[in-house]
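Numbering (the working numbering), first residue to last: 3 to 336.
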Amino acid sequence: MTEVHGRIWQKGQPVDGFTFSGISDCLDDEDTLVWADIYDPDHDALVALADELGLNVWAVEDATAPKERTKATVYRSHTFFTVYAVEMVTPDDDTTATLTKHRISAFVLPRGLITVRLPPVEGGDPNFGIKDVSQRFDELGGQEYGVGALVHGLLDVVVDGHFEAVQVLDDDIESLEDDLFAESSPPKSLQRRTFRYRKDLVELRRVVLPMREVVSAIKSRRMDSKTAPELDPLYDDLYDHVLRASEWTESLRDMVTTVFETNLSLQDARLNTVMKKLTGWAAIIAVPTAVTGFYGQNVSYPLMNTFSGFVVSSAIIVVIVAWLYVMFRKRDWL
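Have a look at this one:
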């Protein structure tokens with residue numbers, strides 16, 4: 003069901019009276035700034051609004067398409083971008099993904115921002131991060147800087163969510179390393195958890211890496227329009243955060259791959275250790291088997307049926323077994 007929320011500022015002051023039908027009237031007023039947030043939009047209503055505001059028809063289709071990658075497109079009258087906010091949820095088991103994505107598409111107009119959000123496929127809070135965007139805007143004093151402050155607040159919340167997800171995954175992967183090198187054998191769930199984190203990192207990488215293009219495109223459009231230069235340092239800082247999140251995600255991807263490969267190597271090493279011990283004990287057990295088998299043959303042999311023969315055979319067993327045990331211990335086979 004379509005939900006529409008929004009805020010209006012006139013001459014830098016917040017005012018009441020936001021309505022979906024009045025968006026175009028607000029955008030026509032040079033002293034008015036409007037933010038409209040549309041959740042689970044009705045396609046026909048959104049198309050009608052796009053016709054009224056002169057939005058690109060293909061951008062509208064991208065905003066409602068079931069699958070769309072992170073990107074930014076600059077048109078003559080507005081800028082369109084799609085980003086993904088993320089949150090970490092508690093998984094039901096060791097194979098369920100912990101990463102939930104929330105898609106946010108936005109139309110950036112000279113005096114307004116229209117955000118379009120779709121329901122998350124994986125579940126999660128439908129209003130994830132939206133209140134934070136409004137709060138960031140107020141803390142910044144965004145009324146003085148116009149729509150650029152709204153866009154910065156939105157992207158800042160999204161990038162902060164990326165950082166939080168990367169931090170959670172980093173901590174989880176460190177716990178994998180602790181289990182991997184524990185003195186006891188790693189738990190059976192380690193491989194399943196490793197596979198789950200690899201899937202989460204693949205999904206996170208798909209939404210984090212393209213953010214560089216989105217922020218760069220918006221920065222370029224702002225520089226061309228020369229609006230609110232006071233926000234330029236904030237956008238530079240935002241771009242730096244995007245780069246750090248991208249680099250961190252790449253390093254974690256390498257790390258979890260290393261954990262997976264190291265686990266396989268450790269399993270091979272443990273198997274080799276077990277095989278060495280089994281081989282060593284098999285060689286030791288073979289000595290008394292061979293000696294007693296020789297003296298148990300049904301033909302005459304020296305010291306047959308004598309006490310001295312028993313002593314000699316026992317001595318041979320003890321000496322050879324002791325020698326093998328010492329040699330194997332020196333070679334770390336036992």
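Every residue, glycine too, gets a C-beta built ideally from N, C-alpha and C. A quick note: this is a predicted structure, and the numbers were derived from the prediction, not measured.
For residue i versus residue j, is the C-beta spacing smaller than 9 Å?
{"i": "TYR41", "j": "HIS80", "result": "no"}
{"i": "LEU159", "j": "VAL210", "result": "Inspection of the sequence shows that residue 159 is occupied by Val rather than by Leu. No, the pair does not count as a contact, with Cβ atoms beyond the cut-off."}
{"i": "ALA247", "j": "VAL161", "result": "yes"}
{"i": "LEU326", "j": "GLY282", "result": "yes"}
{"i": "PRO304", "j": "GLY298", "result": "no"}
If residue i sits next to residue j, beta carbons under 8 Å apart, how far is it from one beta carbon to the other, in whole angstroms?
{"i": "LYS73", "j": "GLU252", "result": "No, LYS73 and GLU252 are not in contact; Cβ-Cβ is about 20 Å, not under 8 Å."}
{"i": "HIS104", "j": "TYR77", "result": "In fact, because the Cβ distance is near 24 Å, the residues do not count as touching under 8 Å."}
{"i": "VAL118", "j": "VAL153", "result": "The Cβ separation is near 14 Å, so there is no contact."}
{"i": "GLY148", "j": "THR229", "result": "6 Å"}
{"i": "ASP39", "j": "ILE132", "result": "6 Å"}
{"i": "TRP37", "j": "LEU142", "result": "Incorrect: roughly 13 Å between the Cβ atoms, too far for contact."}
{"i": "GLU205", "j": "LEU101", "result": "5 Å"}
If you draw a straight line from the alpha carbon of residue i to that of residue j, how long is it in whole angstroms?
{"i": "LEU51", "j": "PRO112", "result": "16 Å"}
{"i": "ARG9", "j": "LEU57", "result": "20 Å"}
{"i": "GLU54", "j": "VAL135", "result": "26 Å"}
{"i": "ALA151", "j": "GLY144", "result": "5 Å"}
{"i": "GLU179", "j": "ASP46", "result": "52 Å"}
{"i": "ARG207", "j": "ILE106", "result": "17 Å"}
{"i": "SER315", "j": "VAL289", "result": "11 Å"}
{"i": "THR21", "j": "PHE139", "result": "20 Å"}
{"i": "GLN193", "j": "THR4", "result": "42 Å"}
{"i": "TRP335", "j": "PHE296", "result": "27 Å"}
{"i": "ASP256", "j": "PHE165", "result": "17 Å"}
{"i": "THR308", "j": "VAL323", "result": "23 Å"}
{"i": "SER23", "j": "LYS190", "result": "58 Å"}
{"i": "ALA219", "j": "GLU146", "result": "23 Å"}
{"i": "VAL264", "j": "MET306", "result": "Just to set this straight, residue 264 is Thr in the shown sequence, not Val. Answer to the nearest angstrom: the Cα atoms are 57 Å apart."}
{"i": "PRO212", "j": "ARG71", "result": "8 Å"}
{"i": "ASP120", "j": "PHE83", "result": "According to the sequence provided, residue 120 is Leu. The question's Asp does not apply to it. So the two alpha carbons sit approximately 14 Å from each other."}
{"i": "ALA317", "j": "LYS278", "result": "26 Å"}
For residue i, write down the residues that DSSP places opposite it in a beta bridge.
{"i": "PRO16", "result": "TRP11"}
{"i": "SER107", "result": "THR84, VAL118"}
{"i": "VAL170", "result": "None; VAL170 has no bridge partner."}
{"i": "LYS73", "result": "THR84"}
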